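Working notes for the structure below.
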Amino acid sequence: MTIFPPTRRPTVDLVVFGDEPAEMVPIARRTLNDRFGIDPGVRRVESVDHYAEPVVCWDEPTYFPVEALLDPTTDASEADREIGLVAEPLVLDGTPGIFGVALVGDTASVITSDPLTGDDDRFDSRVEKQVTKQLGHLFGIEATHEGCVFAETSTVFGLDETPPTFCESCRDRLTNPATSPKSPDWFVRDTHAYREIAGGDAPTVSANETEERTAPTTDESAAIEVDESATPVTDEEMAAVIDDRTEVGASAPDRRQSATVDRRRSSAGQSVAPDSRLPDALRRPVHGIYRYARVWALILCFASFALLGLLVELELYVRLVGSEPSTAVIWGMLVGAAIIGYYGQRTARRWVRRGRSVLARS
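Numbering follows UniProt numbering, with no gaps: position 115 of the sequence shown is 115.
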(Lines of atoms letter the chains of each structure in order from A and count residues from 1; the text may use other names and numbers.)
(Lines give C-alpha, C1' and ligand atoms only; values in the text may rest on other atoms or scores of the structure.)
Protein backbone atom coordinates (compact mmCIF):
# COMPACT_ATOMS: atom_id res chain seq x y z
CA MET A 1 0.00 0.00 0.00
CA THR A 2 1.42 3.37 -1.01
CA ILE A 3 1.72 6.36 1.33
CA PHE A 4 -0.64 8.65 -0.60
CA PRO A 5 -4.09 7.64 -1.91
CA PRO A 6 -4.93 8.40 -5.56
CA THR A 7 -7.22 11.26 -4.54
CA ARG A 8 -4.54 13.14 -2.60
CA ARG A 9 -1.01 13.06 -3.91
CA PRO A 10 1.67 15.76 -4.05
CA THR A 11 3.64 16.38 -7.20
CA VAL A 12 7.35 15.50 -7.21
CA ASP A 13 9.95 16.21 -9.87
CA LEU A 14 13.33 14.55 -10.32
CA VAL A 15 15.88 17.20 -11.31
CA VAL A 16 18.77 15.54 -13.14
CA PHE A 17 22.09 17.43 -13.20
CA GLY A 18 23.91 16.59 -16.45
CA ASP A 19 23.92 13.14 -18.05
CA GLU A 20 25.74 10.89 -15.59
CA PRO A 21 22.94 10.36 -13.00
CA ALA A 22 20.77 8.73 -15.71
CA GLU A 23 21.01 5.31 -14.03
CA MET A 24 19.38 6.75 -10.90
CA VAL A 25 16.27 8.02 -12.68
CA PRO A 26 14.39 4.71 -13.23
CA ILE A 27 15.22 3.60 -9.67
CA ALA A 28 13.96 6.87 -8.18
CA ARG A 29 10.80 6.80 -10.32
CA ARG A 30 10.05 3.22 -9.30
CA THR A 31 10.58 4.06 -5.63
CA LEU A 32 8.26 7.07 -5.75
CA ASN A 33 5.60 5.02 -7.55
CA ASP A 34 5.78 1.93 -5.37
CA ARG A 35 6.22 3.54 -1.94
CA PHE A 36 4.46 6.89 -2.24
CA GLY A 37 2.04 6.38 -5.12
CA ILE A 38 3.64 9.34 -6.93
CA ASP A 39 4.45 9.40 -10.65
CA PRO A 40 7.27 11.96 -10.77
CA GLY A 41 8.19 14.29 -13.56
CA VAL A 42 11.77 14.54 -14.81
CA ARG A 43 13.54 17.85 -15.35
CA ARG A 44 17.05 18.12 -16.77
CA VAL A 45 19.45 20.95 -15.99
CA GLU A 46 23.10 21.76 -16.60
CA SER A 47 25.86 19.68 -15.03
CA VAL A 48 26.90 20.31 -11.44
CA ASP A 49 29.96 22.38 -12.32
CA HIS A 50 27.67 24.96 -13.97
CA TYR A 51 26.23 25.84 -10.55
CA ALA A 52 29.07 25.14 -8.12
CA GLU A 53 32.85 25.18 -8.04
CA PRO A 54 34.80 22.21 -6.66
CA VAL A 55 35.87 22.44 -3.04
CA VAL A 56 39.38 21.31 -2.12
CA CYS A 57 39.06 18.72 0.66
CA TRP A 58 41.70 16.67 2.44
CA ASP A 59 41.55 13.64 0.15
CA GLU A 60 40.59 14.83 -3.34
CA PRO A 61 39.57 18.17 -4.90
CA THR A 62 36.48 17.15 -6.85
CA TYR A 63 33.80 17.62 -4.20
CA PHE A 64 31.00 20.08 -4.85
CA PRO A 65 29.19 22.03 -2.09
CA VAL A 66 25.73 20.54 -1.87
CA GLU A 67 24.25 23.82 -0.58
CA ALA A 68 24.87 25.38 -4.01
CA LEU A 69 22.63 22.78 -5.68
CA LEU A 70 19.48 23.25 -3.60
CA ASP A 71 18.32 26.49 -5.24
CA PRO A 72 18.90 25.22 -8.82
CA THR A 73 16.88 22.13 -7.89
CA THR A 74 14.00 24.29 -6.67
CA ASP A 75 14.20 26.69 -9.62
CA ALA A 76 14.01 23.87 -12.17
CA SER A 77 10.57 22.73 -11.06
CA GLU A 78 7.15 23.97 -9.98
CA ALA A 79 6.26 20.70 -8.24
CA ASP A 80 5.43 20.44 -4.54
CA ARG A 81 8.75 18.70 -3.87
CA GLU A 82 11.97 18.26 -5.86
CA ILE A 83 14.74 15.68 -5.66
CA GLY A 84 18.01 16.63 -7.34
CA LEU A 85 20.06 13.73 -8.72
CA VAL A 86 23.81 14.13 -9.25
CA ALA A 87 26.73 11.78 -9.90
CA GLU A 88 29.49 13.95 -8.43
CA PRO A 89 30.81 13.63 -4.86
CA LEU A 90 29.35 16.20 -2.47
CA VAL A 91 30.58 18.03 0.62
CA LEU A 92 28.56 19.69 3.39
CA ASP A 93 30.22 22.10 5.82
CA GLY A 94 33.65 20.62 5.19
CA THR A 95 32.51 17.01 5.55
CA PRO A 96 33.02 15.11 2.27
CA GLY A 97 31.31 11.98 1.02
CA ILE A 98 27.72 12.67 2.10
CA PHE A 99 24.89 10.71 0.48
CA GLY A 100 22.52 13.64 0.18
CA VAL A 101 20.85 16.56 1.92
CA ALA A 102 17.30 17.71 2.61
CA LEU A 103 15.96 20.61 4.64
CA VAL A 104 13.17 19.26 6.84
CA GLY A 105 9.85 20.65 5.68
CA ASP A 106 11.40 22.44 2.70
CA THR A 107 10.82 21.64 -0.97
CA ALA A 108 14.21 20.51 -2.31
CA SER A 109 16.67 17.71 -1.63
CA VAL A 110 19.79 16.47 -3.44
CA ILE A 111 21.11 12.89 -3.67
CA THR A 112 24.40 11.76 -5.22
CA SER A 113 25.18 8.35 -6.67
CA ASP A 114 28.93 8.75 -6.10
CA PRO A 115 29.25 7.03 -2.68
CA LEU A 116 26.50 4.53 -3.55
CA THR A 117 28.40 2.86 -6.40
CA GLY A 118 30.91 0.04 -6.12
CA ASP A 119 28.44 -2.82 -5.64
CA ASP A 120 26.06 -3.26 -8.57
CA ASP A 121 23.88 -5.69 -6.62
CA ARG A 122 23.18 -3.12 -3.88
CA PHE A 123 23.12 0.10 -5.87
CA ASP A 124 19.36 -0.02 -6.47
CA SER A 125 18.52 -0.54 -2.80
CA ARG A 126 20.88 2.26 -1.74
CA VAL A 127 19.22 4.73 -4.11
CA GLU A 128 15.76 3.56 -2.97
CA LYS A 129 16.66 4.17 0.67
CA GLN A 130 18.01 7.64 -0.01
CA VAL A 131 14.99 8.66 -2.10
CA THR A 132 12.66 7.39 0.63
CA LYS A 133 14.63 9.05 3.42
CA GLN A 134 15.11 12.45 1.78
CA LEU A 135 11.50 12.71 0.64
CA GLY A 136 10.40 11.75 4.16
CA HIS A 137 12.46 14.68 5.47
CA LEU A 138 10.82 17.00 2.94
CA PHE A 139 7.40 15.93 4.18
CA GLY A 140 8.44 16.90 7.72
CA ILE A 141 9.78 13.72 9.35
CA GLU A 142 12.59 14.95 11.59
CA ALA A 143 13.61 12.02 13.76
CA THR A 144 16.60 9.72 13.33
CA HIS A 145 16.12 6.33 14.96
CA GLU A 146 16.87 2.65 14.59
CA GLY A 147 14.55 0.17 12.88
CA CYS A 148 13.64 2.66 10.15
CA VAL A 149 14.99 4.02 6.89
CA PHE A 150 15.87 7.07 9.02
CA ALA A 151 18.42 5.04 11.00
CA GLU A 152 21.67 6.98 11.23
CA THR A 153 24.71 5.70 9.37
CA SER A 154 28.11 7.12 8.55
CA THR A 155 29.21 4.62 5.89
CA VAL A 156 27.76 2.94 2.84
CA PHE A 157 28.18 -0.39 4.63
CA GLY A 158 25.95 0.90 7.42
CA LEU A 159 23.47 2.10 4.81
CA ASP A 160 23.21 -1.44 3.48
CA GLU A 161 22.15 -2.63 6.94
CA THR A 162 19.41 -0.03 7.46
CA PRO A 163 15.76 -1.01 6.84
CA PRO A 164 14.53 -0.29 3.31
CA THR A 165 11.54 1.85 4.24
CA PHE A 166 9.67 3.60 7.07
CA CYS A 167 9.05 2.03 10.45
CA GLU A 168 5.44 1.61 11.60
CA SER A 169 5.50 4.86 13.59
CA CYS A 170 6.81 7.01 10.72
CA ARG A 171 4.47 5.37 8.23
CA ASP A 172 1.54 6.03 10.55
CA ARG A 173 2.48 9.71 10.76
CA LEU A 174 2.51 9.87 6.96
CA THR A 175 -0.80 8.01 6.48
CA ASN A 176 -2.88 8.90 9.56
CA PRO A 177 -5.53 11.45 8.47
CA ALA A 178 -4.78 13.53 11.58
CA THR A 179 -1.10 14.03 10.75
CA SER A 180 -0.58 13.07 7.10
CA PRO A 181 0.80 15.68 4.67
CA LYS A 182 -1.91 17.57 2.82
CA SER A 183 -2.06 20.29 0.23
CA PRO A 184 -0.93 23.02 0.05
CA ASP A 185 1.83 22.62 2.66
CA TRP A 186 2.51 18.86 2.50
CA PHE A 187 4.02 18.70 6.00
CA VAL A 188 3.47 16.07 8.66
CA ARG A 189 1.09 17.88 11.03
CA ASP A 190 2.79 16.92 14.31
CA THR A 191 6.14 18.53 13.43
CA HIS A 192 7.55 21.96 14.14
CA ALA A 193 8.07 22.45 10.40
CA TYR A 194 4.29 22.41 9.92
CA ARG A 195 3.56 24.54 12.98
CA GLU A 196 5.84 27.26 11.59
CA ILE A 197 3.80 27.35 8.38
CA ALA A 198 0.39 26.85 9.95
CA GLY A 199 0.93 29.38 12.73
CA GLY A 200 0.57 26.90 15.56
CA ASP A 201 -2.71 25.32 14.39
CA ALA A 202 -1.30 21.81 14.11
CA PRO A 203 -3.20 19.16 16.08
CA THR A 204 -1.72 18.15 19.42
CA VAL A 205 -0.38 14.62 19.75
CA SER A 206 0.69 12.77 22.85
CA ALA A 207 4.30 11.86 23.48
CA ASN A 208 3.74 8.17 22.87
CA GLU A 209 2.38 8.92 19.39
CA THR A 210 5.67 10.36 18.17
CA GLU A 211 9.07 8.78 17.98
CA GLU A 212 11.85 9.68 20.33
CA ARG A 213 13.88 12.61 19.03
CA THR A 214 17.55 11.77 19.25
CA ALA A 215 20.46 14.15 19.59
CA PRO A 216 22.50 14.86 16.46
CA THR A 217 24.61 11.84 15.48
CA THR A 218 26.71 10.75 12.53
CA ASP A 219 24.82 10.26 9.28
CA GLU A 220 26.13 10.64 5.75
CA SER A 221 22.77 11.99 4.65
CA ALA A 222 22.02 15.47 5.97
CA ALA A 223 18.81 17.22 6.97
CA ILE A 224 17.79 20.21 9.05
CA GLU A 225 16.57 18.86 12.40
CA VAL A 226 14.07 20.81 14.55
CA ASP A 227 13.49 20.25 18.28
CA GLU A 228 9.97 19.00 19.08
CA SER A 229 9.98 19.84 22.79
CA ALA A 230 7.07 21.93 24.06
CA THR A 231 9.20 23.50 26.80
CA PRO A 232 11.43 26.53 26.15
CA VAL A 233 14.94 25.69 25.08
CA THR A 234 18.06 27.71 24.46
CA ASP A 235 19.44 28.54 21.05
CA GLU A 236 22.31 26.13 21.63
CA GLU A 237 19.87 23.29 22.34
CA MET A 238 18.13 23.95 19.04
CA ALA A 239 21.14 22.71 17.04
CA ALA A 240 20.26 21.58 13.62
CA VAL A 241 22.19 19.84 10.88
CA ILE A 242 21.95 16.08 10.58
CA ASP A 243 25.11 15.47 8.67
CA ASP A 244 25.47 15.17 12.01
CA ARG A 245 29.06 16.11 12.42
CA THR A 246 28.23 19.82 12.14
CA GLU A 247 25.69 21.76 14.14
CA VAL A 248 24.13 25.07 13.19
CA GLY A 249 22.62 26.72 16.25
CA ALA A 250 19.53 28.87 15.76
CA SER A 251 16.18 29.44 17.37
CA ALA A 252 13.31 27.64 15.66
CA PRO A 253 11.72 30.67 13.92
CA ASP A 254 15.10 31.67 12.48
CA ARG A 255 16.24 28.22 11.37
CA ARG A 256 14.77 27.98 7.91
CA GLN A 257 15.61 31.62 7.18
CA SER A 258 19.23 30.95 8.16
CA ALA A 259 19.33 27.87 5.97
CA THR A 260 18.00 29.89 3.03
CA VAL A 261 20.60 32.60 3.59
CA ASP A 262 23.37 29.99 3.69
CA ARG A 263 22.08 28.41 0.49
CA ARG A 264 22.00 31.79 -1.29
CA ARG A 265 25.48 32.65 -0.08
CA SER A 266 26.76 29.36 -1.43
CA SER A 267 25.03 29.89 -4.77
CA ALA A 268 26.70 33.30 -4.99
CA GLY A 269 30.10 31.66 -4.60
CA GLN A 270 30.55 32.40 -0.90
CA SER A 271 31.41 29.40 1.21
CA VAL A 272 29.01 28.56 4.03
CA ALA A 273 31.98 26.93 5.76
CA PRO A 274 34.97 29.11 4.84
CA ASP A 275 37.44 26.92 6.74
CA SER A 276 36.66 23.97 4.47
CA ARG A 277 38.34 25.46 1.42
CA LEU A 278 41.52 27.26 0.44
CA PRO A 279 41.65 31.01 -0.27
CA ASP A 280 40.37 31.90 -3.72
CA ALA A 281 43.85 32.90 -4.91
CA LEU A 282 45.15 29.38 -4.20
CA ARG A 283 42.07 27.28 -4.79
CA ARG A 284 42.16 27.14 -8.59
CA PRO A 285 45.88 26.38 -9.05
CA VAL A 286 45.85 23.82 -6.24
CA HIS A 287 42.74 22.21 -7.68
CA GLY A 288 44.29 22.09 -11.14
CA ILE A 289 47.55 20.56 -9.94
CA TYR A 290 45.82 18.05 -7.69
CA ARG A 291 43.36 17.02 -10.37
CA TYR A 292 46.18 16.61 -12.90
CA ALA A 293 48.10 14.46 -10.42
CA ARG A 294 45.00 12.41 -9.65
CA VAL A 295 44.38 11.65 -13.32
CA TRP A 296 47.95 10.46 -13.79
CA ALA A 297 47.74 8.44 -10.58
CA LEU A 298 44.70 6.62 -12.00
CA ILE A 299 46.52 6.04 -15.30
CA LEU A 300 49.55 4.63 -13.48
CA CYS A 301 47.28 2.47 -11.34
CA PHE A 302 45.59 1.10 -14.46
CA ALA A 303 48.95 0.48 -16.17
CA SER A 304 50.36 -1.25 -13.09
CA PHE A 305 47.44 -3.65 -12.78
CA ALA A 306 47.43 -4.28 -16.54
CA LEU A 307 51.17 -5.02 -16.61
CA LEU A 308 50.89 -7.27 -13.58
CA GLY A 309 47.98 -9.10 -15.18
CA LEU A 310 49.91 -9.58 -18.43
CA LEU A 311 52.94 -11.00 -16.62
CA VAL A 312 50.74 -13.42 -14.68
CA GLU A 313 49.01 -14.51 -17.90
CA LEU A 314 52.34 -15.14 -19.65
CA GLU A 315 53.70 -17.09 -16.69
CA LEU A 316 50.60 -19.25 -16.43
CA TYR A 317 50.57 -19.91 -20.18
CA VAL A 318 54.21 -21.04 -20.23
CA ARG A 319 53.70 -23.29 -17.21
CA LEU A 320 50.49 -24.85 -18.48
CA VAL A 321 51.27 -25.13 -22.22
CA GLY A 322 55.05 -25.38 -22.10
CA SER A 323 55.69 -23.14 -25.12
CA GLU A 324 55.77 -19.48 -26.05
CA PRO A 325 52.35 -17.97 -26.87
CA SER A 326 51.41 -17.21 -30.47
CA THR A 327 50.56 -13.73 -31.73
CA ALA A 328 46.82 -14.39 -31.46
CA VAL A 329 47.22 -15.58 -27.87
CA ILE A 330 49.27 -12.49 -27.00
CA TRP A 331 46.54 -10.22 -28.37
CA GLY A 332 44.02 -12.07 -26.22
CA MET A 333 46.28 -11.64 -23.22
CA LEU A 334 46.51 -7.89 -23.89
CA VAL A 335 42.72 -7.63 -23.89
CA GLY A 336 42.61 -9.59 -20.65
CA ALA A 337 45.31 -7.37 -19.15
CA ALA A 338 43.33 -4.24 -20.07
CA ILE A 339 40.27 -5.68 -18.31
CA ILE A 340 42.38 -6.51 -15.26
CA GLY A 341 43.80 -2.96 -15.28
CA TYR A 342 40.34 -1.40 -15.47
CA TYR A 343 38.85 -3.41 -12.62
CA GLY A 344 42.08 -3.14 -10.65
CA GLN A 345 42.01 0.66 -10.59
CA ARG A 346 38.29 0.58 -9.74
CA THR A 347 39.04 -1.71 -6.81
CA ALA A 348 41.83 0.60 -5.67
CA ARG A 349 39.48 3.59 -5.76
CA ARG A 350 36.91 1.61 -3.76
CA TRP A 351 39.52 0.86 -1.10
CA VAL A 352 40.35 4.56 -0.90
CA ARG A 353 36.67 5.42 -0.48
CA ARG A 354 36.26 2.73 2.16
CA GLY A 355 39.22 4.14 4.08
CA ARG A 356 37.76 7.61 3.70
CA SER A 357 34.43 6.46 5.16
CA VAL A 358 36.16 4.83 8.14
CA LEU A 359 38.16 7.99 8.82
CA ALA A 360 35.05 10.15 8.54
CA ARG A 361 33.22 7.83 10.91
CA SER A 362 36.00 7.97 13.50
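Using N, Cα and C, we set each Cβ at its ideal position, and we do this for glycine too.
From a predicted model like this one, the values you see are computed outputs, not experimental measurements.
Review point. Hey, T117 and T74 are a contact pair by Cβ (cut 8 Å); roughly how many whole angstroms apart?
Key: T117 to T74, Cβ: 26 Å. No contact.
Point to revise | Assigned secondary structure, V149 (DSSP; H/G/I helix, E/B strand, else coil) | key: coil
Review point. Per DSSP, R43 is paired with what?
Key: V15
Review point. Where does the unbroken beta strand (DSSP E) through V91 begin, and where does it stop?
Key: L90 to L92
Practice item. Measure the CB-CB distance between I3 and T175 and report whether it falls below 9 Å. Key: yes
Exercise for review: Please classify L103: does DSSP put it in a helix, a strand, or coil?
Suggested key: coil
Review point. Less than 9 Å separating the beta-carbons of A303 and G332?
Key: no
Check your understanding: Which parts of the segment 159-196 are runs of the alpha helix (DSSP H), unbroken and 4 residues or longer, counting only runs that do not cross its ends?
Key -> 168-175
Exercise for review: Please classify G336: does DSSP put it in a helix, a strand, or coil?
Suggested key: helix
Check your understanding: CA-CA distance, V329 and A306?
Key -> 16 Å
Point to revise | Alpha carbon of S154 to alpha carbon of T31, nearest angstrom | key: 23 Å
Review point. So what's A348 in DSSP terms, helix, strand or just coil?
Key: helix
Check your understanding: Rounded to a whole number of angstroms, what is the C-alpha to C-alpha distance between T132 and A293?
Key -> 38 Å
**Study point:** Reference V104; option with closest CA among R43, E88, D190 and P40
**Key:** D190
Check your understanding: Rounded to whole angstroms, how far is the Cβ of S109 from the Cβ of G84, which I believe are closer than 8 Å?
Key -> 7 Å
Point to revise | Per DSSP, cross-strand counterpart(s) of Y63 | key: V55
Review point. What's the call for residue 373, buried or exposed, on a 16-neighbour Cβ count within 10 Å?
Key: Nothing about residue 373 can be read from this structure; the chain reaches only from 1 to 362.
Practice item. Note the first and the last residue of the continuous alpha helix (DSSP H) segment covering V25. Key: M24 to T31
Practice item. Count the CB pairs spanning the segment 14-28 and the segment 40-51 that are closer than 8 Å, and state whether there are at least three. Key: yes
Review point. Going by the beta-carbon positions, is the gap between D13 and G41 smaller than 9 Å?
Key: yes
Point to revise | Span of the beta strand (DSSP E), counted from its first residue to its last, around V110 | key: A108 to T112
Practice item. Determine which residues share a DSSP beta bridge with L85 and list them. Key: V16 and I111
Check your understanding: Three-state secondary structure (DSSP) at P5?
Key -> coil
Practice item. Evaluate contact between the segment 161-172 and the segment 146-153, counting only Cβ atoms and requiring at least three cross-stretch pairs below 8 Å. Key: yes
Exercise for review: Check the DSSP bridge columns for P96 and list the partner residues they point to.
Suggested key: V91
Review point. Going by other Cβ atoms of all chains shown within 10 Å of its Cβ, with 16 needed for buried, is M24 buried or exposed?
Key: buried
Check your understanding: Who are the near neighbours of R35 in its chain, counting only those whose CB is closer than 7 Å to its CB and skipping five residues on each side?
Key -> T2, I3, T132 and T165
Check your understanding: For the alpha helix (DSSP H) that contains F123, what are its first and last residues?
Key -> D120 to L138
Exercise for review: Could you check the C-alpha separation between L320 and E313 for me, to the nearest Å?
Suggested key: 10 Å
Practice item. For D80, count neighbouring C-beta atoms within 10 Å of its own C-beta (all shown protein chains included) and say buried if the count is 16 or more, exposed if not. Key: buried
Check your understanding: Straight-line CA distance for S77 to R43?
Key -> 7 Å
Check your understanding: Can the beta-carbon of W186 be found closer than 9 Å to that of P10?
Key -> yes
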